[in-house]
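Take the sequence shown: its letters are residues 210 to 542, numbered as in full-length UniProt numbering.
Working notes, beginning with the structure itself.
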Amino acid sequence: NWEMGDFVKLEIARIRELVGDRALVLGACSGGVDSTVGAALMREAIGDRFKAILIDNGCMRLNECEQVKETLGHHLGIDLTVVDAGELFLSRLAGVTDPEKKRKIIGSTFIDLFEKEAIRIEQEAENTPNSGKVEWFLQGTLYPDVIESLSFRGPSATIKTHHNVGGLPERMMNGQGLRLIEPLRLLFKDEVREIGRQLGIHESLVNRHPFPGPGIAIRILGDVTKERVEIARKADHIFITMIKEAGLYDQISQAFAGLDTSRSVGVFGDQRVWGYIIILRAVRTKDFMSAEVFNFDNEFLGKVSRAICNQVDGVSRVVYDLTSKPPGTIELE
Ligand code: XMP
210 NWEMGDFVKL EIARIRELVG DRALVLGACS GGVDSTVGAA LMREAIGDRF KAILIDNGCM
270 RLNECEQVKE TLGHHLGIDL TVVDAGELFL SRLAGVTDPE KKRKIIGSTF IDLFEKEAIR
330 IEQEAENTPN SGKVEWFLQG TLYPDVIESL SFRGPSATIK THHNVGGLPE RMMNGQGLRL
390 IEPLRLLFKD EVREIGRQLG IHESLVNRHP FPGPGIAIRI LGDVTKERVE IARKADHIFI
450 TMIKEAGLYD QISQAFAGLD TSRSVGVFGD QRVWGYIIIL RAVRTKDFMS AEVFNFDNEF
510 LGKVSRAICN QVDGVSRVVY DLTSKPPGTI ELE
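Below, the structure is given as structure tokens:
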């Protein structure tokens, strides 16, 4: 029967003990609550020996990288390095439609870049008081990720490869002798949020909807192109902004706009056009293992639909997904 307050103290002590007083720890920070809480714990435990990076995979949301850098710097004193790798990810994803392949490509490209960063960081730290080897890699893995990736293995295979469980660290761990540090491995999302509050992390960050590592790439049903990412990104920004303006953000666990790449006919002025279909998704859930659809009123959805069709070129239709989980998943693929 442990208290959350004890968790922070115990975990910081455990991290110090594990990492010792020379090693460097590399952590990928996405701006989500999990990686932010993980980073805050590391920062608290080992100060500047924690090195935070964000790899821009070209599939992040509008202005997201700049915002994450600014927030981590401002609130946690963490100097986030943003690695701009959008072109590389998009070139590796070209023509790929299978969602598991997309996840694998993105996961292994992340590893390539983490490896490069680890080397760069060690070189940079040489001849400074913090010189040392990058020996640890921080992951914001939560308990549900652990169960979901373990319990569905078998002949019918993993339901989905969570890139932050399995896959990603193994090659790095073997190749570089990196060890994995997962301070949140035994926690559920609501517990992570509680700990975030205790650590003084701003409420807007603590309550942020989760965003998957592969980002918009797995919210495009079909192959990923720059043009499609931009369309989905703009539509998503409009939807989320309108949700916030309506005061609904904190009542929803996760919301986003995805893109169906089949074309639907629309009429603009006196022209018939074939545009993409935007799929709006919003769910309520406690643990992300099951979820129910959020009930907007139709007037609100109508406004969102009009805003997206008017403001985003290339979209001719907007639909709202009414599928709960199960049988649906939260993401579209
Ligand atoms: P699903 O779609 O499995 O989503 O119902 C459950 C939660 O997991 C997130 N999700 C992912 N997160 N990499 C991630 O980091 C992934 O490949 C991935 N797939 C799903 C999803 O956004 C939701 O919060």
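Note that the Cβ used here is the ideal one computed from N, Cα and C, for glycine as well.
Backbone secondary structure at residue i - three-state DSSP
| i | result |
| --- | --- |
| Ser-525 | strand |
| Phe-346 | strand |
| Ile-487 | strand |
| His-372 | Since pLDDT at His-372 reaches only 48, below the 50 mark, its modelled position is unreliable, and the value read off the structure follows with that caveat. Coil, per DSSP. |
| Arg-231 | coil |
| Phe-259 | strand |
| Asp-469 | strand |
| Ile-429 | strand |
| Asp-506 | coil |
| Thr-245 | helix |
| Leu-322 | helix |
| Ile-410 | coil |
| Thr-290 | strand |
| Glu-212 | coil |
| Gly-537 | coil |
| Met-401 | Contrary to the premise, residue 401 reads as Val rather than Met in this sequence. Of the three classes helix, strand and coil, the one that applies to Val-401 here is helix, per DSSP. |
| Arg-417 | coil |
| Glu-542 | coil |
| Arg-225 | helix |
| Val-305 | coil |
| Glu-501 | strand |
| Asp-459 | helix |
| Leu-389 | strand |
| Arg-394 | coil |
| Leu-299 | helix |
| Arg-252 | helix |
| Gly-511 | helix |
| Asp-496 | coil |
| residue 554 | Because the chain here runs from 210 to 542, residue 554 falls outside it and cannot be looked at. |
| Leu-531 | coil |
| residue 620 | The first residue shown for the chain is 210 and the last is 542, placing residue 620 beyond what the model contains. |
| Gly-478 | coil |
| Gly-240 | coil |
Close Cβ partners of residue i (< 8 Å) along its chain, the five nearest in sequence each way excluded
| i | result |
| --- | --- |
| Thr-290 | Lys-260, Ala-261, Ile-262, Leu-263, Glu-326 |
| Phe-323 | Leu-235, Ala-237, Ile-262, Ile-264, Phe-346, Met-381 |
| Val-415 | Val-242, Arg-402, Gly-405, Arg-406 |
| Val-482 | Val-474, Gly-475, Val-476, Ser-525 |
| Gln-520 | Lys-443, Ile-447 |
| Asp-522 | Ile-440 |
Neighbourhood of residue i by C-beta, 6 Å cutoff - its chain only, sequence neighbours within 5 removed
| i | result |
| --- | --- |
| Gly-431 | Thr-306, Thr-470 |
| Ser-244 | Cys-238, Gly-349 |
| His-446 | Leu-271 |
| Ile-390 | Trp-345, Leu-347 |
| Ala-491 | Ile-461, Ala-464, Phe-503 |
| Glu-226 | none |
Neighbour-count burial assignment, residue i, 16 or more Cβ in a 10 Å radius
| i | result |
| --- | --- |
| Ser-365 | Because Ser-365 carries a pLDDT of 42, less than 50, the predicted location of this residue cannot be relied on, and the following value inherits that uncertainty. By the neighbour-count rule (16 or more Cβ atoms within 10 Å), Ser-365 is not buried but exposed. |
| Met-498 | exposed |
| Gln-332 | exposed |
| Asp-354 | buried |
| Gly-241 | buried |
| Phe-477 | exposed |
| Gln-480 | exposed |
| Leu-531 | exposed |
| Pro-536 | exposed |
| Leu-395 | exposed |
| Arg-515 | exposed |
| Phe-361 | Confidence is the limiting factor: at Phe-361 the pLDDT is only 48, short of 50, which leaves the residue's position unreliable and the question unanswerable from this model. |
| Ile-356 | exposed |
| Ala-248 | buried |
| Lys-443 | buried |
| Ala-254 | buried |
| Thr-280 | buried |
| Gly-316 | buried |
| Ile-539 | buried |
| Ala-303 | exposed |
| Arg-437 | buried |
Contacts around residue i, its chain only, beta-carbon distance under 7 Å, and the 5 residues preceding and following it disregarded
| i | result |
| --- | --- |
| Glu-403 | Met-213 |
| Glu-542 | Pro-308, Ile-427, Leu-430 |
| Phe-509 | Ala-455 |
| Leu-219 | none |
| Arg-223 | none |
| Arg-417 | Gly-241, Val-242 |
| Lys-435 | Leu-299 |
| Ser-397 | Reading off the sequence shown, one finds Phe at residue 397, where the question assumed Ser. The answer, listed in chain order, is Leu-351, Tyr-352, Pro-353, Asp-496. |
| Ser-533 | Ala-500, Glu-501, Val-502 |
| Ile-314 | Arg-301, Leu-302, Val-305 |
| Gly-282 | Asp-288, Leu-289 |
Residue-chain proximity (residue i, chain B), Cβ-Cβ < 7 Å
| i | result |
| --- | --- |
| Ile-539 | Among the chains in the structure shown there is no chain B, since it carries only a single protein chain. |
Query raised in the report: For the segment 320-337 against the segment 470-479, are there 3 or more C-beta pairs whose distance is under 8 Å?
Result: no
Report task. Count the CB pairs spanning the segment 293-302 and the segment 266-276 that are closer than 8 Å, and state whether there are at least three. Result -> yes
**Report entry** Stretch-stretch touch, CB-based, cutoff 8 Å, three pairs: the segment 393-402 with the segment 276-287
**Finding:** no
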